[in-house]
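Chemist: The opening residue of the sequence shown carries number 19 in our numbering; numbering runs sequentially from there.
The C-beta atom is built at its ideal place from N, Cα and C for all residues, glycine as well.
All values reported here derive from a predicted model rather than from experimental measurement.
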Amino acid sequence: MGWFTKLLKGSSRGHHGKYRDARISDNHSAGELTDIEKEEIDRAIALSLSVEDVKGKKVVDDESQSEDDLQLCEIDEEEDEYIGKVQQEDDDQLAEIQQDKDEHLGEIQLEEDEQLARAIQESLSIGSPLSNAGSLFQPFPHLFPPVYRTCAGCNAEIGNRRFLSCMGGFWHPECFRCEACDLPIVDYEFSLSGNHRYHKSCYKELHHPKCDVCMNFIPPNSASLIEYRAHPFWLQKYCPSHERDGTPRCCSCERMESRDTKYLLLDDGRKLCLECLDSAIMDTHECQPLYLEIQEFYEGLNMKIEQQVPMLLVERQALNEAMEGEKNGHHHLAETRGLCLSEEQTITTILKRPKIGAGYRIIDMITEPYKLIRRCEVTAILVLYGLPRLLTGSILAHEMMHAWLRLKGYGNLRPEVEEGICQVLAHMWLDSEIYSVSGNEAASSSSSSSSPSTSSTSSKKGKRSDFEKKLGEFFKHQIEADSSSAYGDGFRQGNQAVLKYGLRSTLDHIRMTGTFPY
Numbered sequence: 019m020g021w022f023t024k025l026l027k028g029s030s031r032g033h034h035g036k037y038r039d040a041r042i043s044d045n046h047s048a049g050e051l052t053d054i055e056k057e058e059i060d061r062a063i064a065l066s067l068s069v070e071d072v073k074g075k076k077v078v079d080d081e082s083q084s085e086d087d088l089q090l091c092e093i094d095e096e097e098d099e100y101i102g103k104v105q106q107e108d109d110d111q112l113a114e115i116q117q118d119k120d121e122h123l124g125e126i127q128l129e130e131d132e133q134l135a136r137a138i139q140e141s142l143s144i145g146s147p148l149s150n151a152g153s154l155f156q157p158f159p160h161l162f163p164p165v166y167r168t169c170a171g172c173n174a175e176i177g178n179r180r181f182l183s184c185m186g187g188f189w190h191p192e193c194f195r196c197e198a199c200d201l202p203i204v205d206y207e208f209s210l211s212g213n214h215r216y217h218k219s220c221y222k223e224l225h226h227p228k229c230d231v232c233m234n235f236i237p238p239n240s241a242s243l244i245e246y247r248a249h250p251f252w253l254q255k256y257c258p259s260h261e262r263d264g265t266p267r268c269c270s271c272e273r274m275e276s277r278d279t280k281y282l283l284l285d286d287g288r289k290l291c292l293e294c295l296d297s298a299i300m301d302t303h304e305c306q307p308l309y310l311e312i313q314e315f316y317e318g319l320n321m322k323i324e325q326q327v328p329m330l331l332v333e334r335q336a337l338n339e340a341m342e343g344e345k346n347g348h349h350h351l352a353e354t355r356g357l358c359l360s361e362e363q364t365i366t367t368i369l370k371r372p373k374i375g376a377g378y379r380i381i382d383m384i385t386e387p388y389k390l391i392r393r394c395e396v397t398a399i400l401v402l403y404g405l406p407r408l409l410t411g412s413i414l415a416h417e418m419m420h421a422w423l424r425l426k427g428y429g430n431l432r433p434e435v436e437e438g439i440c441q442v443l444a445h446m447w448l449d450s451e452i453y454s455v456s457g458n459e460a461a462s463s464s465s466s467s468s469s470p471s472t473s474s475t476s477s478k479k480g481k482r483s484d485f486e487k488k489l490g491e492f493f494k495h496q497i498e499a500d501s502s503s504a505y506g507d508g509f510r511q512g513n514q515a516v517l518k519y520g521l522r523s524t525l526d527h528i529r530m531t532g533t534f535p536y
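1. Give me the residue from Arg-273, Ile-115, Met-383, Trp-189 with the minimum Cα distance to Leu-284.
2. Thinking C-beta only, is Gly-343 closer than 8 Å to Leu-400?
3. For the beta strand (DSSP E) containing Thr-533, name the first residue and the last one.
4. Counting Cβ pairs, one atom from each stretch, are 3 or more of them under 8 Å apart for the segment 433-443 and the segment 400-417?
5. Between the segment 215-235 and the segment 247-259, are three or more C-beta pairs nearer than 8 Å?
6. Using a Cβ-Cβ cut-off of 6 Å (strictly less than) and excluding sequence neighbours within five positions of Tyr-221, which residues of its own chain qualify?
7. Does the separation of the CB atoms of Arg-167 and Phe-194 fall below 8 Å?
8. Helix, strand or coil, according to DSSP, for Phe-208 in the structure here?
9. Residues bridged to Gly-404 by DSSP?
10. Quick check on the DSSP output: the beta strand (DSSP E) that includes Met-185 runs from which residue to which?
11. Under a three-way DSSP split, which group does Phe-509 fall into?
12. What does the Cβ neighbour count give for Asp-301, buried or exposed, with the cut at 16 atoms within 10 Å?
13. Put Phe-493 into one of helix, strand or coil per three-state DSSP.
14. Going residue by residue through the segment 313-339, where are the continuous beta strand (DSSP E) segments of at least 3 residues, counting only ones entirely within it?
15. Go to Glu-223, then tell me how far its alpha helix (DSSP H) extends in each direction, as first and last residue.
16. Which class does Ala-415 belong to by DSSP, given the choice of helix, strand or coil?
17. Here's the rule: buried if 16 or more other CB atoms are within 10 angstroms of the residue's CB, otherwise exposed. What is Pro-191?
18. Helix, strand or coil, according to DSSP, for Lys-75 in the structure here?
19. What does DSSP give as the partner residues of Leu-521 in its beta bridges?
20. Assign Tyr-309 to one of three DSSP states: helix, strand, or coil.
21. Check each candidate in Thr-364, Leu-423, Asp-110 and name the one with the smallest Cα separation from Asp-526.
22. Tell me, please, which residues DSSP counts as bridged to Ile-399.
23. Taking only three categories from DSSP, how would you classify Ala-7?
24. In terms of alpha-carbon separation, which member of Ser-454, His-122, Arg-247, Asn-178 lies closest to His-260?
25. Looking at the structure shown, is Gln-156 part of a helix, part of a strand, or coil, going by DSSP?
26. When burial is assigned at 16 or more other CB atoms within 10 Å of the CB, is Ile-528 buried or exposed?
27. Here's the rule I'm using: 16 or more other beta-carbon atoms within 10 Å means buried, otherwise exposed. How should Gly-512 be labelled?
28. Inspect the beta-carbon positions of Pro-266 and Glu-272 and report whether they are closer than 8 Å.
29. Since Glu-498 and Ser-297 are thought to touch, with beta carbons under 8 Å apart, how far apart are those beta carbons, to the nearest angstrom?
30. Is the beta carbon of Ala-336 within less than 7 Å of some heavy atom of the ligand ADP?
31. Is the separation between the beta-carbon of Lys-494 and that of Leu-425 shorter than 8 Å?
32. Hey, Gln-325 and Val-442: beta-carbon distance below 8 Å or not?
33. How is His-260 classed by DSSP in three states: helix, strand or coil?
34. Nearest to Met-185 by CA position, among Arg-179, Cys-199, Gly-212, Ala-515, is which residue?
35. If I follow the unbroken alpha helix (DSSP H) through Glu-293, where does it start and stop?
36. Let's see if you can read the secondary structure: which residues bound the beta strand (DSSP E) around Glu-386?
Given below as structure tokens:
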């Protein structure tokens, strides 16, 4: 209405002015309104009414907005109050649970402390010798519920006595025993092997590898692993250090000398174990019966040697000197133990078996010179003395094959062919000796009463010890496993040819072609 009053006042002022002007100029009367003034008054009234409508609507809108804001505030306050109430209830519940848990743990701890105190008092009053800190057994039986337990050792009821819970069962202390020494295991630690239990010391004694040379437990290497060496045939275990500390080996079986045994020291520096010494051949005269046996073996193969070829047992030095004087470029092993000579030489041979003196040394070695005269392509066969009978025989069989090839006109053969076929004959002779042992034993037992004069030869060829049989297998193994091209590869090629075509056909093929048949 203020706007409307303002308009009316404005209109009055204008009206009066105009009226004055009209009075001056047009002479209108004072009580009359013009059409223009009426239109302005109508427009002012309409405008005033529209303004009032807008103000009324704004008031209503402001009141509605205030009511909405008030409702939202009330809702937020209710939600905050509800969340706070739920949070408080959760905190109260957690506090109650923690308090119950603490009270429960306190009761358990108190009960265990009381039981422990009673058990200690009872243990002190009993005074058991097994109640030490390192014992395996449960020291306080009252800590376990009273249930029925059966001993896994004696199958008797344990009751409230002390017991051991181990290996899926319960044991009386006296029933849990070591499988090795049969004494109770009272240590905290013990060893298991399958279902067998041991003291740690007993288990180490039984299962930890021990050196067969120094008799000590094989020590671990820098990587804390047990490392040892083993002979491929005898399976003798020894510390790797013994390969570098000069520990001697037997010149026959190749086993290392152990600390609790003594080897025989031969005058040429070789060492011979006492088992190999039992059947060792020590002089030329003693070797003659074996030489005749090898000749008979060749006759059985239709390979008789007609010429009389001397056979001499010699020392290592004499053998090396004879090998140097031999003009025939003959292929030999790193350590030569036999030689087939074709040249005239003077050889020092062993005439009489030496004696064994103090400290297991050879004494009273009697030798004599022997002049070789060339009557055929072969002047002599030399063999190293001091080797077991089976090894000496295999060397003789090998060298006799050299003699047979030369005497039968086989020309210069390649080393792998000549040495290979000679190794085949040595292997065949060892086979015949090993597989005829049972027959010889039966024959010697039946003829011992009727032929007492043959005791000197039967002691070397008759009944053999288990070690000598094993020794024969070892000499065969040496021939079969030789890694050299002439002796090893040559033997394997020659042996395959003989097994496939036979000895006679193989020899005929060698004569014609100089090679083994395939």
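Modeler: Short version:
1. For the purposes of this step, residue 284 is identified with residue 266 of the sequence shown, where counting begins at 1. The candidate whose alpha carbon is nearest that of Leu-284 is Met-383.
2. In the sequence shown, counting from the first residue as 1, residue 400 sits at position 382. In the sequence shown, counting from the first residue as 1, residue 343 sits at position 325. The answer is no: Cβ separation not under 8 Å.
3. The residue labelled residue 533 in the question sits at position 515 within the sequence shown. Where Thr-533 is concerned, there is no enclosing beta strand (DSSP E), given that its DSSP letter is neither H nor E.
4. yes
5. yes
6. Along the sequence shown, one-based indexing puts residue 221 at 203. Taken in chain order, the residues that qualify are Ser-209.
7. What you label residue 167 is simply residue 149 of the sequence shown in a count that begins at 1. What you label residue 194 is simply residue 176 of the sequence shown in a count that begins at 1. No, these two residues do not count as a Cβ contact at 8 Å.
8. Sequence index remark: in the sequence shown, residue 208 carries index 190 (1-based). If DSSP states are grouped into helix, strand and coil, Phe-208 belongs with coil.
9. The residue you call residue 404 lines up with position 386 of the sequence shown. In DSSP, Gly-404 forms no bridge with anything.
10. Reading the sequence shown from its first residue, position 167 is the one you call residue 185. Segment: none, Met-185 is in no beta strand (DSSP E) and carries neither H nor E.
11. Translated into the one-based positions of the sequence shown, residue 509 becomes position 491. Residue state, collapsed to three classes: helix.
12. Counting from 1 along the sequence shown, the entry for residue 301 is found at position 283. Buried is the call here.
13. Position 475 of the sequence shown, counted from the first residue, corresponds to residue 493. In the structure shown, Phe-493 sits in a helix (DSSP, three-state: H, G or I).
14. 329-332
15. Counting from one through the sequence shown, the residue named residue 223 turns up at place 205. First-last of the alpha helix (DSSP H) with Glu-223: 218-225.
16. Working through the sequence shown from its first residue, we reach residue 415 at position 397. Reduced to three states, the DSSP call for Ala-415 is helix.
17. Reading the sequence shown from its first residue, position 173 is the one you call residue 191. With 16 or more Cβ atoms within 10 Å of its Cβ, Pro-191 is classed as buried.
18. Here residue 75 is taken as the residue at index 57 of the sequence shown, counted from 1. Low per-residue confidence applies at Lys-75: pLDDT is 49, beneath 50, and the placement is therefore not dependable, though the value from the model is reported in the following sentence. Reduced to three states, the DSSP call for Lys-75 is helix.
19. On the sequence shown, residue 521 is found 503 positions in, with the first residue counted as 1. According to DSSP, which records beta bridges pairwise, Leu-521 is partnered with nothing at all.
20. Within the sequence shown, the letter at position 291 stands for residue 309. The answer is helix: DSSP assigns Tyr-309 an H, G or I state.
21. Locating residue 526 in the sequence shown gives position 508, counting from the first residue. Nearest C-alpha to Asp-526: Leu-423.
22. Counted from its first residue, the sequence shown places residue 399 at position 381. In the DSSP output, where bridge partners are listed per residue, Ile-399 has Met-329, Cys-358.
23. The displayed coordinates of the chain run from 19 to 536. Any statement about residue 7 would go beyond what the structure contains.
24. Along the sequence shown, read from residue 1 onward, the residue named residue 260 stands at position 242. When each option's Cα is compared against that of His-260, the closest is Arg-247.
25. If you number the sequence shown from 1, residue 156 lands on position 138. The predicted model places Gln-156 with a pLDDT of 49, which falls under 50 and marks its position as unreliable; any figure quoted below should be read in that light. Looking at Gln-156 - three-state DSSP - the assignment turns out to be coil, as it is neither helix nor strand.
26. The residue labelled residue 528 in the question sits at position 510 within the sequence shown. Classification for Ile-528: buried.
27. Residue mapping note: residue 512 aligns to position 494 of the sequence shown, counting from 1. Buried.
28. Here residue 266 is taken as the residue at index 248 of the sequence shown, counted from 1. Here residue 272 is taken as the residue at index 254 of the sequence shown, counted from 1. Going by C-beta atoms, Pro-266 is not nearer than 8 Å to Glu-272.
29. Translated into positions along the sequence shown, residue 498 becomes position 480. Translated into positions along the sequence shown, residue 297 becomes position 279. That pair is no contact at about 22 Å.
30. Ligands in the displayed structure: none, and consequently the ligand ADP is not present.
31. What you label residue 494 is simply residue 476 of the sequence shown in a count that begins at 1. What you label residue 425 is simply residue 407 of the sequence shown in a count that begins at 1. Against a cut-off of 8 Å, the Cβ pair of Leu-425 and Lys-494 comes out as no contact.
32. Within the sequence shown, numbered from 1, the residue matching residue 325 stands at position 307. Within the sequence shown, numbered from 1, the residue matching residue 442 stands at position 424. No, these two residues do not count as a Cβ contact at 8 Å.
33. Within the sequence shown, numbered from 1, the residue matching residue 260 stands at position 242. Note: His-260 maps to helix in three-state DSSP.
34. Indexing the sequence shown from 1 puts residue 185 at position 167. Measuring from the Cα of Met-185, the nearest candidate turns out to be Gly-212.
35. For this step, residue 293 is matched to residue 275 along the sequence shown. Unbroken alpha helix (DSSP H) run through Glu-293: 292-295.
36. The count along the sequence shown starts at 1 and reaches residue 386 at position 368. Segment 384-389, the beta strand (DSSP E) holding Glu-386.
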